[in-house]
Amino acid sequence: MVPEINGGLMFMYYDGIGEAVRFYEEILGFELKLDRDWVKIYKYASDCHVGLVDVSMGSHKVMEEKSARLQLMVSDAQAWHDYVKRKGLKPSKDELKEGVKLHIKAFSVTDPGGYTVEFCEYTTPYGDA
């Protein structure tokens, strides 16, 4: 039997975390759970967290091309699309992208460190094909 996993935490590395803190805390409304000078950990769903790490103290380097994407599973992608525009962010598309193969409505924004944050509404229950 596989042991239980209680949640997830994704770390993202920044050359200074000030703008990323503002983005995730003030714009996206993530809840601050751990606050240190060089790392901030935010809760954004039941057992889902993201950590913002200042590269000067972290164990990884900032990579110019980001190969990670944070997908936020939302119940109303259009409401989020409208909200981020009101907050002054530029969504990837003027309209929601409809993914027929995955049964999604989605768009993305880029955070201050260059990471892609995707807002994704599944139009069928997640995992149902």
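To get this note's numbering, take the position in the sequence shown, counting from 1, and add 1466.
C-beta atoms are modelled at their ideal positions from N, C-alpha and C, and glycine is treated no differently.
Quick caveat, the model's predicted, so the values are computed rather than measured.
Exclusion of the five residues before and after Y1479 leaves V1519, V1521, G1524, H1526 and V1528 as the residues of its chain whose Cβ lies within less than 6 Å of its Cβ.
Along the region 1506-1576, the beta strand (DSSP E) occurs as fully enclosed runs of 3 or more residues at 1514-1520, 1535-1539, 1563-1565 and 1570-1576, listed in sequence order. Checking the DSSP bridge columns, you'll see D1503 has no partner listed.
Less than 7 Å separates the beta-carbon of E1584 from that of Q1537.
Straight across, the Cα-Cα distance linking K1559 with V1575 is about 9 Å.
In the three-state scheme derived from DSSP, where H, G and I count as helix and E and B as strand, E1492 is classed as helix. For V1468, the three-state secondary structure derived from DSSP is coil.
Looking only at S1512, V1505, K1499 and E1561, the smallest Cα-Cα distance to A1486 is reached by V1505.
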